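Line by line, the protein sequences are chains A and B. Residue numbers for the first sequence follow my numbering, so the first one is 1290 and each next one is one higher. Residue numbers for the second sequence follow my numbering, so the first one is 17 and each next one is one higher. Glycine is no exception: its CB is placed at the ideal position from the N, C-alpha and C atoms. All values derive from a computational prediction rather than experimental measurement. So the structure is just underneath, and the comments pick up after that.
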Amino acid sequence: MKNENQLDEKLASDSMKSIAKLVKDLPEEIPSMNWRSQLNERILAEAKPKPKLELQRWLLRPALGLGLAAALAVAFVIRPVASDATGSSVESLMIATHQDDVNYASVTGAGLSVSEMKDYSSPTPVSDPLLDLDVF
Amino acid sequence: MEAGAEEALIDRCRKQDVEAFGKFVDAYQARVFGFVKRMVNNADEAADVTQEVFIRAYQSFARFDGRSSVRTWLFRIANNLCIDRSRQLGRTPNSVGLVSDFEDGEEMDFSDSRWQPEALMLDAELIQVVESGIAEMSEKLKMVLLLHDREEMSYEEIAETLSIPVGTVKSRLFLARAHLQSVVKRYMTEGGND
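Right, here's the structure in full:
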């Protein structure tokens, strides 16, 4: 506080005041007319209403949110079934068969699959001896 | 400008009235340009920065709450833009910094008989000397000197504008004036005022 009072006294001295007056009396410089017209143009550009931009912003905000939510859903929730039916292992063949069955079922409906279908239009001889009645 | 007229003008500026803002620019352009020019030491750069000051003012006038004077608010924008520009250009501090030639506790002696401040008259040469003295200062000293001695802002207004304590404002003002005093004194003793 004492230092501040001393500072106040020094700042109020005549020599310091004369310097302040020198600074105060420095000539003022007005910017050019060209500068002013450029500024006016910029202010007018700022003042122009921008309804389209506002409308776009208004529409884009929810659209962006929805898009982001959809992308996240695809990435984390709706995962495609991982299947590797291209190999030749038993598992791969089972999966491939299952997928084929599903595909057939979707076309033909419930019932036999194509691989289970046989032609019963012409009777075939019974080869099972247990079913051969002539034996008895 | 009268207080009532200025208040009305500010109200219109808040509503983005271009014509009113033009009058506002008329009232402050020379002062802001002078401040910025001395801060950046370059007339072309000062013209660009001053335009930016008024554009920012126009954009944010609606948010001007009137807690400080419009002048304080405008010079705060100007000051911040000068600092930003200086940082962008990566300028090094000028030769006269916060720690000046005058160490703490050292008494300054201006008792030289040739130093007659009351006889100082601003001629073209002395103006140049003072301008050079201001240009040599660090930004921190310069902005306090210009805001106080040129724009006649109070210590409190400057403290608020620069976000520094009032005591710091006073000490910076003292150092800035002391530097100018030594510059002017050197000029006078070296025969500049024959």
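Label residue i either buried or exposed according to how many other C-beta atoms from any shown protein chain fall within 10 Å of its C-beta, with 16 as the threshold for buried.
i, result
"B:ASN95", "buried"
"B:GLU119", "Any reading at B:GLU119 needs caution, since the residue's pLDDT is 43, under 50, leaving its predicted position unreliable; the model's value is listed next. Exposed, because fewer than 16 other Cβ atoms sit within 10 Å of the Cβ of B:GLU119."
"B:ARG166", "buried"
"B:SER129", "At B:SER129, the pLDDT of 49 sits below 50, so the modelled position is not reliable; the number obtained from the coordinates is stated separately. The residue in question, B:SER129, is exposed, as its Cβ has fewer than 16 Cβ neighbours within 10 Å."
"B:PHE49", "buried"
"B:MET204", "buried"
"A:PHE1365", "exposed"
"B:GLY149", "buried"
"A:SER1378", "exposed"
"B:GLN67", "buried"
"B:GLU173", "buried"
"B:GLU122", "For B:GLU122, the predicted structure reports a pLDDT of 45, less than 50, and the residue's modelled location is therefore unreliable. A value from the coordinates is still provided. Its Cβ having fewer than 16 others within 10 Å, B:GLU122 is exposed."
"B:ALA63", "buried"
"B:HIS164", "buried"
"A:ALA1360", "exposed"
Residue i touches chain C at which residues, Cβ-Cβ below 7 Å?
i, result
"A:MET1305", "The displayed structure is made up of protein chains A and B, and chain C is not among them."
Residue i touches chain A at which residues, Cβ-Cβ below 9 Å?
i, result
"B:THR66", "PRO1320, TRP1324 and LEU1328"
"B:GLN45", "ILE1319, PRO1320, TRP1324, ARG1325 and LEU1328"
"B:ILE71", "LEU1328, ARG1331, ILE1332 and GLU1335"
"B:ILE93", "The premise fails here: B:ILE93 is roughly 14 Å from chain A at the closest Cβ pair, so nothing lies under 9 Å."
Within the continuous alpha helix (DSSP H) that includes residue i, where are the two ends?
i, result
"B:THR177", "171-178"
"B:GLU234", "The displayed coordinates of chain B run from 17 to 210. Any statement about residue 234 of chain B would go beyond what the structure contains."
"B:HIS195", "182-203"
"B:GLN32", "Taken as a continuous stretch (DSSP letters only), B:GLN32 belongs to no alpha helix (DSSP H), as it is neither H nor E."
"B:GLU155", "155-161"
"B:GLY149", "140-152"
"A:ALA1334", "1322-1336"
"A:ASP1303", "1303-1313"
Which bits of chain B does residue i rub up against, with CB to CB less than 7 Å?
i, result
"A:LYS1299", "PHE190"
"A:LYS1313", "ASP165 and ARG166"
"A:ALA1362", "Within 7 Å Cβ-Cβ: nothing; A:ALA1362 doesn't reach chain B, min ~39 Å."
"A:PRO1338", "The contacting residues do not exist; A:PRO1338 stays about 10 Å from chain B at best."
List the residues of chain A whose Cβ lies closer than 7 Å to the Cβ of residue i, in chain order.
i, result
"B:VAL86", "Residues of chain A passing the Cβ test: none, with the nearest at roughly 17 Å."
"B:LEU161", "VAL1312"
Can you list the residues of chain A that residue i reaches, using a CB-CB cut of under 8 Å?
i, result
"B:GLN75", "GLU1335"
"B:SER187", "LEU1296"
Checklist entry - Using Cβ-Cβ distances below 8 Å, what residues of the stretch 1347-1360 of chain A are close to chain B? => result Result list empty, no residue passes.
Checklist entry - Of all the residues that make up the stretch 25-36 of chain B, which are near chain A by a beta-carbon distance shorter than 7 Å? => result Cβ contacts with chain A: GLN32 and VAL34.
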